[in-house]
Amino acid sequence: MPHVVTQSCCSDASCVVACPVNCIHPAPGEPGFAEAEMLYVDAATCVDCGACATACPADAIVPHTTLTQEQQPFLALNAEYFQVFPHRDRTPLALVHEQRRLERKGPFRVAIVGAGPAGLYTADELLKHPEISVDVFDRLPTPYGLVRAGVAPDHQHTKQIEKLFGQIESQPGFRYFLGVEVGKDISHAELTARYHAVVYTVGAASDKPLGVPGDDLPGSVSATDFVGWYNGHPDKQDLDVRLDAEINPSGRVVIVGNGNVALDCARLLAEDPELLAATDIADGPLAALRDSAIREVIVLGRRGPAQAAFTVPELVGLAGHTGINVVVDTGDLPDEDAFGAGDVKSRLIGELLERRFDPAKRTIVLRFLTSPTRVIAGDHGRVAAVEVGRNRLQPDEGGVPRAVPTGETELLETGLLLRAVGYKGLPVADLPYDAESGTVPHTKGRVMPGVYVAGWVKRGPTGFIGTNKSDAEETVDQLLDDLDAGSIPEPVGDAQGVSAVVRGRQPAMVDLAGWQAIDAEEKRRGAAECRPRVKIVDVDEMRRVAAMARRPRYALLRRGRS
Ligand code: NAP
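Numbering (our numbering), first residue to last: 850 to 1411.
Have a look at this one:
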């Protein structure tokens, strides 16, 4: 009776350490851990104790007896992994590194800029040292970055990781400075002067350009903005998204790129809005989706099925969705070339060809070997069609299959084009910047002694939520080396002094109690509608709710509850 890892595993490996028989792999330090799309439970070794399920921050591990019909493929996926990688040399227990201890006496103060997963994993790693306190800054009055504004609302189990973040932020030595913009309210130079170290975990806030004529027309929207829109990001609520039949008589959306972001957007557009109404989707986008005239979403991959950027767990989730047609179009690629690569992804995509089409349902088309060549405006000056070109695959010098245009083109009518070709990091004021990768150049996270990076601003926009844990560990190791080496000058002032400076610059700053007030208010509004939360999407309203936490009556109520 094994436990099974299912979508969406966050790969932070908390389960590996909890397992009493070391049956979850690849484990940190093992080949493939950093690249793994998910972790796998060895059914032959699992004793079904459930320790992994308790430790999993994303509720992704279940006993196999409780797998739903849609989750059944994960049983085989877990088993197949161990057929290929048996890990026969595994130790009886997972190897846990001895906790490093600082040689120099503190106290040390660290500023973390960015309250997303990378920032919070970094804080957690630092707070394992009682000599260190951390102040986490974020431009928004709410923390959790892409867990709040990126993870799709129909993936509520993935958002369970917020419980872990709640534990991290409640540790002694942790403070929030939310709604404070570094570079505007307080400068990099001021932070480096007042803290022993500054760690930037600001993610990748922009998107890669598509680079075809017309891609800046109204109705051509970056998927990163679209994701922020439906997730209630305050900056994205006025996004120009038109799903109505007047602007989009074709009833079709075209998405360029076939990574997990593209699949998230496609699912949201094809999903029954009444199911989304039970999630924490933002209210404005929910209303737009309720009025949507969209019937078909075409996801364009420039290469073939084996090179699709979406991951197997996400594909299994989509394939298991009984309310949506999933159709595959491999262009001119013969079936044996399209699905014969022997990899799990090609096999699963091939199985979709057998699926019965139900005209009553909305449809997602996974189309391969197709690239946009230009975007065409209609009479209203907005996107009316996308010209797409067929590709063939040709290996480059390193043997990697690349898309080469065949010269054949066709027009796809659409009123909305989503550009889902990847996120891109923006320059950070006063830090070096590599424009090609959109990252800050660094060595294992060290930009220079006293200044560090972790997360997407360090490694680029790849990996899953939990990937940030090992990433943060590497960065924190460099920071501890520099503290121990004494290579960081002693900062000016103290913790109270920093707090006074920041409050002076941004009196509406939101601290932990303020964030907890916003969180409680959103959940209270959600409970009234049988939803996990109703997101507040206006920054001023967030600040007003947070300010309630400073009122004595509210403080008394909170104390009374605890
Ligand atoms: P991604 O995985 O890098 O996918 C980008 C896609 O855009 C690829 O299909 C790529 O094709 C295509 N592309 C790039 N340039 C193009 C161009 N000029 N023309 C046409 N296509 C182009 O990026 P993402 O989807 O934004 O995801 C970012 C990261 O977040 C990934 O690590 C992803 O797994 C993660 N994420 C995970 C989840 C989840 O676990 N549920 C959800 C969302 C995001 P090529 O492969 O040919 O370059």
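Cβ atoms here follow ideal geometry from the backbone N, Cα and C, with glycine treated the same way. Here the structure is a predicted model, which is why all the values come from computation and not from measurement.
Return yes when at least one heavy atom of the ligand NAP lies under 7 Å from the C-beta of residue i, else no.
{"i": "proline 1244", "result": "no"}
{"i": "leucine 1059", "result": "yes"}
{"i": "valine 1105", "result": "yes"}
{"i": "glutamate 1163", "result": "yes"}
{"i": "proline 1254", "result": "no"}
{"i": "aspartate 1113", "result": "yes"}
{"i": "serine 1220", "result": "yes"}
{"i": "valine 1394", "result": "no"}
{"i": "tyrosine 1272", "result": "yes"}
{"i": "alanine 1269", "result": "yes"}
{"i": "glutamine 1156", "result": "yes"}
{"i": "glycine 1312", "result": "yes"}
{"i": "threonine 1160", "result": "yes"}
{"i": "arginine 1144", "result": "no"}
{"i": "arginine 1152", "result": "yes"}
{"i": "glycine 1108", "result": "yes"}
Mind checking which residues open and close the alpha helix (DSSP H) that includes residue i?
{"i": "proline 922", "result": "922 to 933"}
{"i": "asparagine 1317", "result": "1316 to 1334"}
{"i": "valine 866", "result": "863 to 867"}
{"i": "leucine 1361", "result": "1361 to 1377"}
{"i": "arginine 1380", "result": "Note, arginine 1380: premise wrong, no alpha helix (DSSP H); not H, not E."}
{"i": "methionine 1391", "result": "1388 to 1397"}
{"i": "proline 1122", "result": "1122 to 1125"}
{"i": "valine 1110", "result": "1109 to 1119"}
{"i": "valine 1306", "result": "1305 to 1308"}
{"i": "alanine 904", "result": "900 to 904"}
Is it right to say residue i is buried, meaning 16 or more other beta carbons lie within 10 angstroms of its own, or is it exposed?
{"i": "glycine 1409", "result": "Caution applies to glycine 1409, whose pLDDT of 49 falls short of 50 and renders its modelled position unreliable; the value that the coordinates give is listed next. Its Cβ having fewer than 16 others within 10 Å, glycine 1409 is exposed."}
{"i": "alanine 885", "result": "buried"}
{"i": "cysteine 905", "result": "buried"}
{"i": "threonine 1289", "result": "One detail in the question is off: residue 1289 reads as valine in this sequence, not threonine. Buried."}
{"i": "glutamate 974", "result": "buried"}
{"i": "glycine 1471", "result": "Examination of residue 1471 is not possible in this model, given that the chain is present from 850 through 1411 alone."}
{"i": "valine 853", "result": "buried"}
{"i": "alanine 1042", "result": "exposed"}
{"i": "aspartate 1056", "result": "buried"}
{"i": "serine 1336", "result": "exposed"}
{"i": "proline 956", "result": "exposed"}
{"i": "glutamine 1243", "result": "exposed"}
{"i": "proline 990", "result": "buried"}
{"i": "proline 922", "result": "buried"}
{"i": "alanine 1284", "result": "exposed"}
{"i": "alanine 943", "result": "buried"}
{"i": "arginine 1091", "result": "buried"}
{"i": "glutamine 918", "result": "exposed"}
{"i": "glutamine 1345", "result": "exposed"}
{"i": "lysine 1008", "result": "buried"}
{"i": "aspartate 1320", "result": "buried"}
Throw me the rounded Cβ distance for the residue i and residue j pair, which I believe falls under 8 Å.
{"i": "tryptophan 1364", "j": "leucine 1027", "result": "6 Å"}
{"i": "leucine 1267", "j": "alanine 1072", "result": "5 Å"}
{"i": "alanine 1119", "j": "arginine 1211", "result": "4 Å"}
{"i": "threonine 1179", "j": "proline 1208", "result": "The Cβ separation is near 22 Å, so there is no contact."}
{"i": "proline 966", "j": "isoleucine 1367", "result": "Between isoleucine 1367 and proline 966 the Cβ distance is about 19 Å, and since that is not below 8 Å, they are no contact."}
{"i": "proline 1250", "j": "arginine 1152", "result": "6 Å"}
{"i": "glycine 1309", "j": "valine 1302", "result": "Between valine 1302 and glycine 1309 the Cβ distance is about 11 Å, and since that is not below 8 Å, they are no contact."}
Can you name the start and end residues of the beta strand (DSSP E) that residue i belongs to?
{"i": "threonine 1258", "result": "1250 to 1262"}
{"i": "alanine 1233", "result": "1232 to 1244"}
{"i": "leucine 1266", "result": "1265 to 1268"}
{"i": "alanine 960", "result": "957 to 962"}
{"i": "proline 1134", "result": "Proline 1134 -> not in any beta strand (DSSP E); alpha helix (DSSP H) instead, spanning 1132 to 1139."}
{"i": "threonine 1219", "result": "1219 to 1226"}
{"i": "arginine 939", "result": "Counting along the chain, arginine 939 falls outside any beta strand (DSSP E), and DSSP gives it neither H nor E."}
{"i": "arginine 1354", "result": "It is not in any beta strand (DSSP E) - arginine 1354 instead sits in the alpha helix (DSSP H) that spans 1344 to 1354."}
{"i": "arginine 1101", "result": "1101 to 1105"}
{"i": "arginine 1295", "result": "1295 to 1297"}
{"i": "valine 1048", "result": "1046 to 1049"}
{"i": "proline 912", "result": "910 to 912"}
{"i": "histidine 852", "result": "852 to 854"}
Kindly say whether residue i, judged by its beta-carbon, lies nearer than 8 Å to any beta-carbon of chain B.
{"i": "valine 1300", "result": "As a matter of chain content, chain B is missing from the structure shown, which is built from one protein chain."}
Looking at residue i and the ligand GDP, is the gap between the Cβ and the nearest heavy atom below 7 Å?
{"i": "proline 1298", "result": "Inclusion of the ligand GDP in the displayed structure is not the case, the ligand content consisting of the ligand NAP alone."}
Practice task
Could you tell me which uninterrupted beta strand (DSSP E) segments, each at least 3 residues in length, are contained entirely in the segment 1147 to 1214, listed from first to last along the chain?
Solution key: 1173 to 1178
Exercise for the section: Enumerate, from N- to C-terminal direction, the unbroken beta strand (DSSP E) stretches of 3 or more residues contained entirely within the segment 967 to 1036. Expected result: For secondary structure counted as the beta strand (DSSP E) over 3 or more consecutive residues, the segment 967 to 1036 holds these complete runs in sequence order: 981 to 987, 1023 to 1027.
Practice task
Would you mind listing the beta strand (DSSP E) stretches within the segment 1054 to 1099 that are 3+ residues and don't spill past its ends, in chain order?
Solution key: 1069 to 1071
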